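Q: Per this note's numbering, the sequence shown starts with residue 1, numbered consecutively. Submitted below is the structure of interest, expressed as structure tokens.
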Amino acid sequence: VPAHLIGHEGHHHAHRMTCPLTATLCSVHMSVKSHNIRANLRLRVIDSDFFASKKSVGVERPRNTPGARLPGVSSQIRRVAYTQSYFTRKFRSTESLRPCAIRTTEACSVPAQYMTPEEKYIFDLNGYIIVKGVLSPDEVALCNQALDVRAGQFQERKGELRLSGSTALGGDGSTGRADLGGMLEWDAPDREPFRSILCHPRLIPYYNELVGKGYRMDHLPLTITQQAGSEGFMFHGGATDSSGEWSQDLAYTFRNGKMYNALLAASLVLSASAEGDGGFAIYLGKGIKAYETHKEFVVNPALEPGDVLLFTEAATHGTIPWKAKHQRRVVIYRFCPHNMSYGRSYFPSWPPKMLEGASEAQLAVLEHPYHIRLDRPVPKQHASFSEESGNSSHVEVEIPQRRADFKIDHDEKVFGTKYF
């Protein structure tokens, strides 16, 4: 529920609104008192059969409506459910109010070629979403074999490089996280599954929706491992910086029915993690960064090998010390809109070996930051999915906005280059 709908301290309001992501007409009754918020949240679905069943707590399906899915949406659609509808929690301000976690409970067996309304709602609500089974078991095995061969190249974070910043996240106090880069520069076939994340057909619809068409890779990918007892990473990110100022570099906004992320992270999962094992964790509330005092707001989602976890850097997130006996393995990528940059590894050029043998679509994602209207090539979003299109090397490239020849000719005469 947007903060501006909550109303003033001590007042009671009832609002009838259209949810911008689900196009679902809702009646929301919210009771707010001081900074102790007792929120009785009840959504009555009127226009669409959005939720999976009447059993979803706090959600009523409309009467006389067939099925349990949005009209025109595949029968393989993901289901979502509220884990809780009535809750009492304390927040620093009313702007911190966010509902409880909504999680996907069923994976799609047929890859979607768009973000569904449910998925958009989940991401906007929680700041993350899990795309199930992006890589096949064989591809995951190839990734892990390539990493095993290079096990001696990982750099463990010790001393000043430790990331926990507190006893609560310190693990056993000595074992550090280990890092490895360079995956996109390896010889084939080791590099191929890592490169596929740049423009995998399963992921392009999410990148386009969350970052925008013409999205680009911003950071060099990083493989992270944690052994049992390995420290966590202090919670960071968020929509504001340490001084409370708006952080445009990490910003997430929603305008006119669309989400905008200044920096999106994509985490390729290479080893299983159950909820409570540790690893990636995220706050459902905005602006809370004290893990020790606000653990009740932290979600540590279960992940399977081959999944890709997408999250906005505008959400406060971190890493919990690893408790499982097996090694945690993930590969982190970060993506920016076409005309933005956070990192600088692309300048003056990406590492040469990273470009060798790359497909046209992969090279498009590695373009330097400039506006899409200046003849920027982008990976084409497939209208249908096939075994061949499932390989990122088969993704086609398009130029959605062509600059007129007479403008290019003029710029070349004025500036000595085709583009200003």
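No residue lacks a Cβ here, since even glycine has one placed at the ideal position from N, Cα and C. Just so we're clear, the structure is a prediction, and the values are computed from it rather than from any experiment.
Taking the runs of the alpha helix (DSSP H) that are 4 residues or longer, which of them lie wholly in the segment 304–355?
A: Counting only runs of 4 or more, we get 352–355.
Q: To which residues of the same chain is Asp375 closer than 7 Å at the C-beta, ignoring the five residues directly before and after it?
A: Cβ neighbours of Asp375 beyond the five flanking positions: Ile399, Arg402 and Arg403.
Q: Can you tell which of Phe233, Glu231 and Asp190 has its C-alpha closest to the C-alpha of Ala141?
A: Among Phe233, Glu231 and Asp190, the Cα nearest to that of Ala141 is on Asp190.
Q: With DSSP as the reference, label Met115 as helix, strand or coil.
A: DSSP places Met115 in coil when its eight states are reduced to three.
Q: Please classify Asn261 as buried or exposed, where buried requires at least 16 neighbouring CB atoms within 10 angstroms.
A: Buried is the call here.
Q: Could you tell me whether the segment 353–367 touches the segment 292–310, using the rule of 3 or more Cβ pairs below 8 Å?
A: The segment 353–367 vs the segment 292–310: no contact.
Q: Taking the alpha-carbon positions, what's the Trp186 to Thr116 distance?
A: Cα to Cα, Trp186 sits roughly 35 Å from Thr116.
Q: DSSP three-state call for Asn261: helix, strand or coil?
A: Note: Asn261 maps to strand in three-state DSSP.
Q: Identify the continuous beta strand (DSSP E) that holds Phe235 and give its terminal residues.
A: It spans Phe233 to His236 - the beta strand (DSSP E) in which Phe235 sits, taken as one unbroken run.
Q: Distance, Cα to Cα, Asp124 vs Ile282?
A: Distance between the alpha carbons of Asp124 and Ile282: 14 Å.
Q: Could you please give me the residues that DSSP links to Phe254 through a beta bridge?
A: Answer is Met259, bridged to Phe254.
Q: Straight-line CA distance for Gln362 to Arg195?
A: So the two alpha carbons sit approximately 7 Å from each other.
Q: Kindly provide the ranges of any alpha helix (DSSP H) runs that are 4 or more residues long and lie completely inside the segment 116–200, ordered along the chain.
A: Listed in chain order, the complete alpha helix (DSSP H) runs (minimum 4 residues) inside the segment 116–200 are 117–126, 137–149 and 192–196.
Q: Based on Cα-Cα distance, which residue from Ala364, His368 and Ala251 lies nearest to Pro379?
A: The shortest Cα separation from Pro379 among Ala364, His368 and Ala251 belongs to Ala364.
Q: Our contact map puts Leu222 next to Ile320 with C-beta atoms below 8 Å; I'd like the distance itself, whole angstroms only.
A: With a Cβ gap of about 18 Å, Leu222 and Ile320 do not count as contacting.
Q: Buried or exposed: where does Ser109 fall if 16 or more other Cβ atoms within 10 Å of its Cβ makes it buried?
A: The predicted position of Ser109 is uncertain, since its pLDDT is 42 and thus under 50; a value taken from the coordinates is nonetheless stated next. Exposed, by the Cβ-count rule.
Q: Tell me whether His200 is buried or exposed, calling it buried when 16 or more other Cβ atoms sit within 10 Å of its Cβ.
A: Buried, since its Cβ has 16 or more Cβ neighbours within 10 Å.
Q: Note down the Cα distance separating Ser395 from Leu198, rounded to an integer number of angstroms.
A: Correcting the residue type first, residue 395 is Val in the shown sequence and not Ser. Between Val395 and Leu198, the C-alpha separation is close to 11 Å.
Q: DSSP on Asp405, reduced to helix/strand/coil?
A: Asp405 falls in the helix class under three-state DSSP.
Q: Between the Cα of Gln153 and those of Tyr121, Ile130 and Ala178, spot the shortest distance and give me the residue it belongs to.
A: Gln153 has its Cα closest to that of Ala178, out of Tyr121, Ile130 and Ala178.
Q: Is Leu226 helix, strand or coil by DSSP?
A: The identity of residue 226 in the sequence shown is Gln, whereas the question assumes Leu. The answer is strand: DSSP assigns Gln226 an E or B state.
Q: If you count every other CB in all the chains shown that lies within 10 Å of the CB of Asp409, and 16 or more means buried, which is it?
A: Exposed: under 16 other Cβ atoms inside 10 Å.
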